[in-house]
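Be aware that the sequence shown starts at 45, since it is given in the working numbering, and climbs by one per residue. Just so it is clear, CB atoms sit at the ideal spot from N, CA and C, and this is done for glycine as well. Take a look at the structure set out below.
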Amino acid sequence: MDEESGLESLFGKRLRELREERGHTQAQVVEWLVDHGVSYMNTSTLSRIELGTRPVRLGEATVFARYFDIPMAALVTTSDNYRAIDLVSRRHNEARNRFVRFRQAVVDVSRHQQSLPKMLEVLDEVIESEPKGSELLKPVKWLRRNVLDFVEIDLVEETRNLVAETEARFEQGEESTAGRFLNSRDTRG
45 MDEESGLESL FGKRLRELRE ERGHTQAQVV EWLVDHGVSY MNTSTLSRIE
95 LGTRPVRLGE ATVFARYFDI PMAALVTTSD NYRAIDLVSR RHNEARNRFV
145 RFRQAVVDVS RHQQSLPKML EVLDEVIESE PKGSELLKPV KWLRRNVLDF
195 VEIDLVEETR NLVAETEARF EQGEESTAGR FLNSRDTRG
């Protein structure tokens, strides 16, 4: 086997390993490639590339590397370093995506906190309009207290506390405490 066909075979092997490790089907990869400029790609061609029986074109190799978000060299190296590169790349992408979702969640929660004081006014009107002893008063007062507690949450302080707790638990090898908030507040009527 000459060096060129050896590289084709290695490329195909790495490609298949990455695809299977990430749980992607050939059809999913092909769909992405077609959407990103490799319009002629199909599952049969991908299968032959993975088997090393069809040479990969430089443009295709570049798009494959983009798909897996790894350096192209990771697809043709004989070193296991590509796995480390891939792992770090995936963890970084996951963290970055979670950060984007975190930022959106903070915006959403902040908007709700800002809108809820008007809802307190609605509840106050209900409380004032209901006769004493009404069955509706107890759950409305309970709801009002919970809404007020939520409005008074300091998002910055909550975030600092969560980060500190998560760092401490990470150092101890324990899981995250993100659900702590829901379990630590008294929601009884």
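Residue burial is scored here from C-beta neighbours: Phe112 has at least 16 other C-beta atoms within 10 angstroms and is therefore classed as buried.
The beta-carbon distance between Val107 and Glu52, rounded to whole angstroms, is 16 Å. This is too long to meet the 8 Å contact definition. Arg98 is the residue among Gly81, Arg98, Arg58 and Ala105 whose C-alpha sits nearest the C-alpha of Ser88.
Annotation: the continuous alpha helix (DSSP H) that includes His136 extends over Asn125 to Ser173. Going by beta carbons, Val73 and Arg66 fall outside the 7 Å limit. In this structure, Gly56 keeps its C-beta atom at 7 Å or more from the C-beta atom of Gly103.
In the three-state DSSP reduction, Met85 falls in the coil class, being neither helix nor strand. The Cβ-Cβ distance between Leu160 and Val184 does not fall below 7 Å.
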